[in-house]
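Set out below in structure tokens:
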């Protein structure tokens, strides 16, 4: 049986809102370690990988592995019924047909209970090996969101160039071009404002901005985004959770 | 032109 209680419903709300436009049907695999999701978008370009570690929950038990096949659009509708500050408990039997969501208002005795019918979802699992990336950058997630939104007004593609002392984001379009250059900086008072670059090799990679527009929906999950890039392989965009992560692997574009 | 690659070209399923 699964019983996982979030101190605040807002975390799961944010997670679901962050991925529901990238993938619709996905299996939430629950184990003693927490809840994981892996799913690829319909165009097979973007892979979503989520781990909500058991330490995120104020109470968590899952005796054996349970898979919850969820339609995220329906899940999002139910999850919006609860208040952000409510306790949220997910409950499912060992071979469940449905998952129950219990919202408890902390300021009153109100308890709201919803159940979502589950689906059989046949999704393959891709093996992603840990690898050394050519470059790892860490920067404020909100800045990355703004840069990508600004440059998406010009182009469908975002070029990212990384050297040891700068990160350059570029977009070239029919109506004009744009670029934003960032330099590494350490902010001691506000570490979440820092920008760091670890470089093994200089990077020059191009990505579809429509996918990045979905990725930056994770911005509210973390003050910082970690971007790991190697030339000619998928880049990893990561929002860290208190325990776990939301990762997006995005396949690059190449000059043909 | 510029070509969009897919995730499966890099990772294998099991």
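Residue numbers (our numbering), protein chains in the order written: chain A, 2 to 257; chain B, 43 to 56. Ideal Cβ placement from N, Cα and C applies to all residues, glycine included.
Assignment of beta-bridge partners to residue 205/A by DSSP yields 162/A. Of all C-beta pairs linking the segment 119–129 of chain A to the segment 64–77 of chain A, three or more are shorter than 8 Å, placing the two stretches in contact.
A check of alpha carbon separations from residue 243/A across 35/A, 18/A, 24/A and 23/A identifies 35/A as the nearest. Note that the C-beta distance between residue 227/A and residue 136/A is not below 8 Å. For residue 30/A, the enclosing beta strand (DSSP E) starts and ends at 26–32. At a cut-off of 8 Å between beta-carbon atoms, residue 48/A makes contact with chain B.
Between the segment 84–91 of chain A and the segment 10–24 of chain A, the count of Cβ pairs shorter than 8 Å is three or higher; the stretches touch. Per DSSP, the unbroken alpha helix (DSSP H) holding residue 151/A starts and ends at 142–152. The residues 117, in chain order, have a CB closer than 7 Å to that of residue 75/A in the same chain once the five nearest residues on each side in sequence are set aside.
Excluding sequence positions up to five before and after residue 37/A, its CB lies within less than 6 Å of the CB of 30 and 52, all in the same chain and listed in chain order.
Taking the Cα of residue 140/A as reference, the smallest distance to any Cα among 249/A, 223/A and 48/A is reached at 223/A. Interface annotation, residue 26/A: not in contact with chain B, CB-CB separation never under 8 Å. In this chain, the alpha helix (DSSP H) harbouring residue 76/A covers 73–80. Here residue 186/A is exposed, its C-beta having fewer than 16 other C-beta atoms within 10 Å. DSSP lists 6/A as the bridge partner or partners of residue 60/A. Straight across, the Cα-Cα distance linking residue 176/A with residue 182/A is about 20 Å. Contact holds between the segment 192–212 of chain A and the segment 163–170 of chain A, because three or more Cβ pairs, one in each stretch, are under 8 Å apart. The beta carbon of residue 245/A sits closer than 7 Å to the beta carbons of 35, 52, 53, 54 and 57 from its chain, once the five residues preceding and following it are set aside; these are given in chain order.
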